[in-house]
Structures are given as C-alpha cells and as structure tokens.
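Just so we're aligned: the sequence shown equals residues 758 to 843 in this note's numbering.
Glycine residues also receive a C-beta, built at the ideal position from the N, C-alpha and C atoms.
Everything numeric in this text was worked out from a predicted model, so none of it was measured.
Have a look at the structure below before the remarks.
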Amino acid sequence: MAQYKSSQAPGDVIVVPPRMPHAFSTQRAASAELLVVIAPGVERFEYFRQLTRIARGEKPPESLRDVQDLYDTYFLNSPEWEASQR
Numbered sequence: 758m759a760q761y762k763s764s765q766a767p768g769d770v771i772v773v774p775p776r777m778p779h780a781f782s783t784q785r786a787a788s789a790e791l792l793v794v795i796a797p798g799v800e801r802f803e804y805f806r807q808l809t810r811i812a813r814g815e816k817p818p819e820s821l822r823d824v825q826d827l828y829d830t831y832f833l834n835s836p837e838w839e840a841s842q843r
C-alpha cells in the first residue's frame with residue numbers, strides 16, 4: 758500500500774475514495790475544524806459521538822474495536838503514521 762502525506766490549507770477539500778485507508782491530524786500544537794461528508798449517507802452519528810467521548814477521556818480508544826463492524830471502519834497498524842505523531 759502506497760503511503761504519502763498531504764498538507765491542506767484552510768478551506769481545502771480532500772476526497773477519500775471508497776475503501777481507501779486514510780488518517781488525518783493537525784500539526785503539533787495546532788488545532789483545526791473538520792467537516793466530514795460521507796456519501797452515500799450512512800448513519801455514523803454514534804461513531805463520531807464515540808470519537809468525541811474518547812477525545813474527552815470518557816472512553817478508552819480500545820472501545821472502538823467493539824463497533825468496527827457496525828460502522829465499517831477498521832484501524833490498521835501503520836508504523837509511518839505512528840512515527841509521524843510523536
């Protein structure tokens with residue numbers, strides 16, 4: 758699987774093809790707002806609520822394993838990604 762990084766500016770749009778593994782983050786000590794559009798529309802509201810609970814420390818990240826099949830969202834090991842987040 759090819760791996761590459763892309764940097765966006767405010768207002769940019771990124772399109773992720775179906776079944777394409779992907780990840781995103783801000784630069785260190787930066788913040789961002791993110792608008793996610795999933796088309797065709799599928800109900801993933803609770804998935805994003807779960808991400809919010811994890812970000813707030815209310816749930817552990819491992820809690821997403823329980824809902825991977827339900828939301829068709831799976832986590833992959835990526836040494837390159839992990840190294841870039843240090």
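C-alpha of Gln807 to C-alpha of Leu833: approximately 18 Å in a straight line. Judged by their CB atoms, Ala780 and Trp838 are nearer to each other than the 8 Å cut-off. In this model, Arg801 and Leu791 are separated by some 15 Å (Cα to Cα). Distances from the alpha-carbon of Leu827 to those of Ala787, Ser764, Phe805 put Phe805 closest. Per DSSP, the unbroken alpha helix (DSSP H) holding Glu839 starts and ends at 836–841. Excluding sequence positions up to five before and after Pro818, its CB lies within less than 8 Å of the CB of Ile811, all in the same chain and listed in chain order.
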